[in-house]
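Here is the structure we will look at.
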Amino acid sequence: FGFEGLTDTFSAQYKLGSDTITAFLSRRSGPQDAQTVAESYYNFLIDNGGTAKQPANKILRGKIVDFYDTTEIVFAIGSFVGGVHEAENQQAAEKLAEILINKLNEVAN
113 FGFEGLTDTF
123 SAQYKLGSDT
133 ITAFLSRRSG
143 PQDAQTVAES
153 YYNFLIDNGG
163 TAKQPANKIL
173 RGKIVDFYDT
183 TEIVFAIGSF
193 VGGVHEAENQ
203 QAAEKLAEIL
213 INKLNEVAN
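Just so you know, we're using the numbering used here here: the sequence shown kicks off at 113 and counts up by one.
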């Protein structure tokens with residue numbers, strides 16, 4: 113990912129229709145650490161040429177970045193930082209991010 117603050121990160125590719133999307137998760141020491149890392153990664157993307165994008169789903173507001181014509185999504189749920197990396201299709205990226213957020217909310221509660 114090129115960001116030193118995002119360590120011990122698990123990534124996997126998922127197939128949504130004809131799109132292959134890479135999702136990532138990183139368990140942090142606690143919710144505050146997760147939030148700090150997610151915000152730092154978002155700012156890193158913006159500082160390195162990314163631009164904020166508007167989501168179709170309001171739960172992803174402030175979490176989507178256009179990064180050199182790919183979609184990056186980053187969020188924090190409980191002790192986890194998660195997101196989508198270098199997706200070519202924003203709609204598919206948002207769908208996968210919503211699935212991850214819902215599953216992480218189940219685990220966190």
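No residue lacks a Cβ here, since even glycine has one placed at the ideal position from N, Cα and C.
Exposure of residue i, with buried meaning 16 or more beta-carbon neighbours within 10 Å
i: K170; result: exposed
i: E116; result: exposed
i: T183; result: buried
i: K207; result: buried
i: G162; result: buried
i: S141; result: exposed
i: Q202; result: buried
i: Y180; result: exposed
i: A168; result: exposed
i: F192; result: buried
Integer Cβ distance of residue i from residue j, believed to fall under 8 Å
i: A188; j: A146; result: 4 Å
i: Y154; j: L118; result: With a Cβ gap of about 11 Å, Y154 and L118 do not count as contacting.
Residue(s) in a DSSP beta bridge with residue i
i: E184; result: V177
i: G194; result: L137, F187
i: Q166; result: In the DSSP output, where bridge partners are listed per residue, Q166 has none listed.
i: A204; result: A204 pairs with nothing; no bridge assigned.
i: L88; result: With the chain covering only 113 through 221, there is no way to say anything about residue 88.
i: T121; result: S138
i: A199; result: T183
Whether residue i touches residue j by CB criterion (8 Å)
i: A220; j: I133; result: no
i: L137; j: G194; result: yes
i: A135; j: L216; result: no
i: A150; j: V186; result: yes
Can at least three beta-carbon pairs, one atom from the region 123-139 and one from the region 160-178, be found at a separation below 8 Å? no
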